[in-house]
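Asker:
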Amino acid sequence: MILQALNEYYQRKTAEPGAGLAELGFEQKELPFIIEINAQGELVQIEDTREGIGNKKTAQSFTVPQGVKKTSGVATNLLWDNVEYVLGIDKNSQSKEDPEEERQRLLEVEKRKNRVADQHRAFIDKIKAQPEAIIADGGVQAVLRFLNDFD
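So for the sequence shown, the numbering used here puts the first residue at 1; every next one is plus one.
#1: In this structure, does DSSP put K29 in helix, strand or coil?
#2: For the stretch 41 to 54 and the stretch 134 to 145, state whether three or more C-beta atom pairs, one from each stretch, are separated by less than 8 Å.
#3: Under a three-way DSSP split, which group does D149 fall into?
#4: Tell me where the alpha helix (DSSP H) around I134 begins and ends.
#5: Please state whether the Cβ-Cβ distance between L172 and Q60 is less than 8 Å.
#6: Just curious, the alpha helix (DSSP H) that I124 is in, first and last residue?
#7: Within a Cβ cutoff of 7 Å, which residues of the same chain sit near P140, ignoring the five residues on either side of it in sequence?
#8: With H, G and I counted as helix, E and B as strand and the rest as coil, what does DSSP make of T63?
#9: Return the residue from the list Y10, A75, N114 that minimises the CA-CA distance to L24.
#10: Along the chain, where does the beta strand (DSSP E) that runs through E47 open and close?
#11: With F33 and D48 assumed to form a contact (beta carbons below 8 Å), what rounded beta-carbon distance in angstroms separates them?
#12: Go ahead and pull the three-state DSSP assignment for T71.
#13: Helix, strand or coil for E35, going by three-state DSSP, please let me know.
#14: Please list the terminal residues of the continuous alpha helix (DSSP H) segment that includes E84.
#15: Locate the alpha helix (DSSP H) running through N7, then write down its first and last residues.
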């Protein structure tokens, strides 16, 4: 009885526009950057969704497929994730001015190189593992072309 009432409440709330609740299997997630591509898989722009002043910027919230629980292993989300998974770029790739900090950064980047490559491969493999009807979608095909050309 209580579970049924909770389910009915959830169904009512998700039906309300602007309620901030995602449908079952989805979640609201703040995404600071959106990679916009065209139907051919070519980069159109990288949109910065953050708003605010200085260090107090907040990313816009989007409805995305439910995220996986992150652990020390490689676990990727479907069609959204961080830059390491999506593009295979180490988030520590920005150079440092201080020579000692730069040396430490380079050591860390080298140590993480295989992991970042594994994360990126997992992102692509998860898309390719979807049912054929999803893979055949024009938008998914554009994403796969973009990722293939980016590599």
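Yeah, the Cβ is synthetic: ideal placement off N, Cα and C, and Gly gets one too.
Answerer: So, to answer that:
#1: Indexing the sequence shown from 1 puts residue 29 at position 29. Looking at K29 - three-state DSSP - the assignment turns out to be strand.
#2: yes
#3: The sequence position of residue 149 within the sequence shown is 149, counting from 1. D149: helix per DSSP, three-state reduction.
#4: Walking along the sequence shown from the start, residue 134 turns up at place 134. It spans 132 to 135 - the alpha helix (DSSP H) in which I134 sits, taken as one unbroken run.
#5: Nothing about residue 172 can be reported from this structure: the residues present for the chain run from 1 to 151 only.
#6: Translated into the one-based positions of the sequence shown, residue 124 becomes position 124. Looking at the DSSP string, the run of the alpha helix (DSSP H) that includes I124 is 99 to 128.
#7: For the purposes of this step, residue 140 is taken as the residue at position 140 of the sequence shown. One detail in the question is off: residue 140 reads as Val in this sequence, not Pro. Same-chain partners within the cutoff: I127, I134.
#8: Against the sequence shown, residue 63 aligns to sequence position 63. Strand.
#9: Taking the first residue of the sequence shown as position 1, residue 24 is located at position 24. The shortest Cα separation from L24 among Y10, A75, N114 belongs to Y10.
#10: In the sequence shown, counting from the first residue as 1, residue 47 sits at position 47. Element bounds for E47: 43 to 48.
#11: Locating residue 33 in the sequence shown gives position 33, counting from the first residue. Locating residue 48 in the sequence shown gives position 48, counting from the first residue. About 6 Å; that satisfies the 8 Å criterion.
#12: Residue 71 sits at position 71 when you count from the first residue of the sequence shown. Coil at T71, not helix or strand.
#13: On the sequence shown, position 35 is the one that residue 35 refers to. For the sequence presented, residue 35 should be read as Ile rather than Glu. Three-state DSSP puts I35 in a strand.
#14: What you label residue 84 is simply residue 84 of the sequence shown in a count that begins at 1. Taken as a continuous stretch (DSSP letters only), the alpha helix (DSSP H) holding E84 covers 83 to 86.
#15: Counting from 1 along the sequence shown, the entry for residue 7 is found at position 7. N7 -> alpha helix (DSSP H) spans 2 to 15.
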